[in-house]
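Reviewing the structure listed below.
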Amino acid sequence: DAGVTQSPTHLIKTRGQQVTLRCSPISGHKSVSWYQQVLGQGPQFIFQYYEKEERGRGNFPDRFSARQFPNYSSELNVNALLLGDSALYLCASSLDPYKTQYFGPGTRLLVL
Amino acid sequence: AQSVTQLDSQVPVFEEAPVELRCNYSSSVSVYLFWYVQYPNQGLQLLLKYLSGSTLVKGINGFEAEFNKSQTSFHLRKPSVHISDTAEYFCAVSDPNTNAGKSTFGDGTTLTVKP
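Protein chains in written order, with our numbering: chain A, 6 to 117; chain B, 9 to 123.
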């Protein structure tokens with residue numbers, strides 16, 4: 006079975022731009038979570054979606070938003086990019102919010 | 009609020025030696041505990057998890073961890089490491105009663121296995 010997939014794998018943007026990252030969960034998984042991993046640190050929770058509804062939100066500014074589609078795939082949007090948004094963005098899926106998460110390979114975002 | 013402290017940022021060890029990566033957590037409620045491994049330029053791979061039951065948990069690649077509720081610890085061990093175990097290791101905790109999908113991670117331990 007295919008694991009969690011994310012696109013694109015790498016992305017370079019400039020300050021002030023907007024970016025959209027995409028995630029496809031494991032087949033049958035209905036919950037998707039997003040994490041930001043800054044170099045040298047552990048991942049930090051951004052959002053969780055389940056059945057197209059937001060189930061949790063981490064301590065991130067309103068520039069960060071996400072949504073989940075009927076096929077359970079998800080997009081993470083970041084507006085007005087800052088240099089500090091440079092990070093590896095990880096998507097994780099699970100059967101439901103109470104089950105074990107499985108992570109994708111991540112999207113590496115560089116903001117110049 | 010939950011928090012995770014990985015007590016060693018870097019652990020160098022020789023090949024075939026035993027290793028222990030230490031993890032302490034802080035939580036006022038019951039917990040799920042996880043160890044993940046991250047190889048360079050890759051995502052996170054689940055090594056093992058504690059959800060309930062036996063406090064000794066066995067995972068992939070010969071790793072095991074022991075849940076110690078009184079010491080709020082979940083240390084990762086391997087009796088004999090290989091060069092290929094060189095990677096970043098993350099301990100994580102989540103609350104099974106509210107949102108298991110919101111995991112709190114430690115800052116990681118870099119394991120370097122030397123020949």
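The beta-carbon is built from N, C-alpha and C at its ideal position, and this holds for glycine as well.
Proximity of residue 61 of chain B to chain A, defined by a Cβ-Cβ separation below 8 Å, is not satisfied. Pairing residue 42 of chain B with residue 62 of chain B, the inter-Cα distance amounts to about 14 Å. Considering only beta carbons, the part of the segment 99 to 119 of chain B lying closer than 8 Å to chain A consists of 100, 104, 107, 108, 109, 110, 111, 112, 113, 114, 115 and 116, in chain order.
Residue environment for residue 17 of chain A: exposed (fewer than 16 other C-beta atoms within 10 angstroms of its C-beta). The segment 38 to 46 of chain A makes contact with the segment 91 to 109 of chain A, as at least three CB pairs between them are under 8 Å.
Taking 8 Å as the upper bound for CB-CB distance, residue 80 of chain B and residue 33 of chain B are in contact here, some 5 Å apart. DSSP places residue 91 of chain B in no beta strand (DSSP E); its state is neither H nor E.
Assignment of residue 115 of chain B by DSSP, reduced to helix, strand and coil, places it in the coil class. Between residue 97 of chain B and residue 112 of chain B, the beta carbon gap of about 16 Å keeps them out of contact (Cβ cut-off 8 Å). Neighbours of residue 57 of chain B in chain A, taken as residues whose beta carbon is under 9 Å from its own, are 105 in chain order. With fewer than 16 other beta carbons inside 10 angstroms of its own, residue 7 of chain A counts as exposed. In this chain, the beta strand (DSSP E) harbouring residue 73 of chain B covers 72 to 76. Ranking A:82, A:110 and A:115 by CA distance to the CA of residue 47 of chain B puts A:110 first. Under the Cβ criterion (8 Å, minimum of three pairs), the segment 41 to 51 of chain A counts as touching the segment 84 to 93 of chain A. Membership of residue 10 of chain A in the beta strand (DSSP E) is indicated by the continuous run 10 to 12.
Excluding the 5 residues flanking it on each side, residue 48 of chain A has same chain C-beta neighbours closer than 6 Å at 40, 42 and 95, in chain order. Below the 7 Å Cβ cutoff, chain B contributes no neighbours of residue 66 of chain A, its closest Cβ being approximately 18 Å away.
Chain B places no beta carbon closer than 8 Å to that of residue 41 of chain A, leaving this residue out of the contacts. Annotated three-state conformation of residue 55 of chain B is strand, per DSSP.
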